[in-house]
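Taking it in order: structure first as structure tokens, then the write-up.
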Amino acid sequence: MNAETLGELFYAMLRIRLVEERIAELYAEQEMRCPVHLCIGQEAVAVGVCANLSPDDYVLSGHRSHGHYLAKGGNLKTMLAELYGKVTGCAQGKGGSMHLVDLAVGFLGAAPIVGSTIPIAVGAAFGSALRGERRVAVAFFGEGATEEGIFHESLNFAAMKKLPVVFVCENNLYSVYSPLSVRQPAERDLMAIAAGHGVAAERGDGNDVAVVYALAGEAAARARQGGGPTLLELTTYRWREHCGPLYDNDLGYRSEAEFEGWRQRCPVAHAERTLGARGALDEAEIARMHAAIAAEIDDAVAFAKTSPFPKPSALLEHVYAQ
Ligand SMILES: Cc1ncc(C[n+]2csc(CCOP(=O)(O)OP(=O)(O)O)c2C)c(N)n1
Ligand SMILES: [Mg+2]
Numbered sequence: 034m035n036a037e038t039l040g041e042l043f044y045a046m047l048r049i050r051l052v053e054e055r056i057a058e059l060y061a062e063q064e065m066r067c068p069v070h071l072c073i074g075q076e077a078v079a080v081g082v083c084a085n086l087s088p089d090d091y092v093l094s095g096h097r098s099h100g101h102y103l104a105k106g107g108n109l110k111t112m113l114a115e116l117y118g119k120v121t122g123c124a125q126g127k128g129g130s131m132h133l134v135d136l137a138v139g140f141l142g143a144a145p146i147v148g149s150t151i152p153i154a155v156g157a158a159f160g161s162a163l164r165g166e167r168r169v170a171v172a173f174f175g176e177g178a179t180e181e182g183i184f185h186e187s188l189n190f191a192a193m194k195k196l197p198v199v200f201v202c203e204n205n206l207y208s209v210y211s212p213l214s215v216r217q218p219a220e221r222d223l224m225a226i227a228a229g230h231g232v233a234a235e236r237g238d239g240n241d242v243a244v245v246y247a248l249a250g251e252a253a254a255r256a257r258q259g260g261g262p263t264l265l266e267l268t269t270y271r272w273r274e275h276c277g278p279l280y281d282n283d284l285g286y287r288s289e290a291e292f293e294g295w296r297q298r299c300p301v302a303h304a305e306r307t308l309g310a311r312g313a314l315d316e317a318e319i320a321r322m323h324a325a326i327a328a329e330i331d332d333a334v335a336f337a338k339t340s341p342f343p344k345p346s347a348l349l350e351h352v353y354a355q
């Protein structure tokens, strides 16, 4: 990967990291009243995949959605306003962190019912194919979602219709506190499962943004050329607690040594080291990036905090039944 592209991907990852660290910091003020599932440690997947997409392409996400939303070009101000429950939020303050949406950039939405948005991505791709557009639809989900029936139905249908979908499984080894070993038989192989459904599949290091970018590039090209769906399994690791701004290794469901091992494999630091070794990034440039991102976040937080809450009369708007 050339240094210019890697530099752009590094900036996008750093931005997501700093946004989420700010959310974690501000969360204690108890002004953000929605649950937050942070993707710190997993930024390379969102960034490496979305760098292959245009605003016309579609993305769907789940409960851990901030990185996907920002990587797809979602508006930071309206995202933070949404977390603060404000009327200027991307879901008018009614959705919170787990219901982000930005149609202007093809972020069709996030929803926290595990697996629920996978078939919506397939439907978006079906629509795209019927209209002869070949827009790509990407579904981001955790490995927990691959244990649900809807995942298999979606792969089957997408393969049947040769739809332009990329299924992106972020395998971070845990579903809340449950490791893979208590949820899936050791022999279970997602690559073989995809093959069984007639879906092309690749596995790769989800903490190396260049690897993610290359795999997603092939998958998106296949989709655009009418070659049908691809499943990507990208291995990564969540640093913070499943839900919330803190760390929870003290609970004992995973070891400090395992956590440290993954922290050494930080996707942001990895890209920074690679760029540094090539002479494409120095301390001064890194400091400029931090300052620019901090200023952008300051602005967005101020916007969110000073925006009004929705009026009580808005409560019954956008619902199916009055
Ligand atoms: C259908 C459904 N079952 C259970 C839950 C509760 N829940 C929320 S997140 C989560 C863990 C999902 O794990 P995974 O898909 O691996 O994503 P990760 O949190 O690791 O990113 C669970 C069980 C839910 N939201 N929806
Ligand atoms: Mg998981």
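Counted the way the numbering used here counts, the sequence shown spans residues 34 to 355.
C-beta: ideal position from N, C-alpha, C; glycine also.
The DSSP-derived three-state label of R236 is strand. Environment of ligand 2, chain-ordered: G175, E176, G177, N205, Y207, S208, taking every residue with Cβ within less than 6 Å of a heavy atom. When secondary structure is reduced to three states using DSSP, L196 falls in the coil class, being assigned neither helix nor strand. When Cβ pairs closer than 8 Å are counted between the two stretches, the stretch 242-254 is seen to touch the stretch 78-91, the count reaching three or more. Looking at the DSSP output, L264 shares a beta bridge with F200, A234. DSSP places V155 in the uninterrupted alpha helix (DSSP H) bounded by 151-163. If only uninterrupted alpha helix (DSSP H) runs of at least 4 residues are considered, those enclosed by the stretch 91-155 are 99-104, 109-116.
By the criterion of at least three beta-carbon pairs nearer than 8 Å, the stretch 256-266 is not in contact with the stretch 42-62. G40: member of the alpha helix (DSSP H) spanning 36-60, first to last residue. Not one heavy atom of ligand 1 is found less than 7 Å from the C-beta of I226. The beta carbons of A172 and V198 sit closer together than 8 Å. Secondary structure at V244: helix, using DSSP grouped into helix, strand and coil. In summary, E76 is buried, with 16 or more beta-carbon neighbours lying within 10 Å of its beta-carbon over all protein chains present.
Per DSSP, reduced to three states, the secondary structure at F174 is strand.
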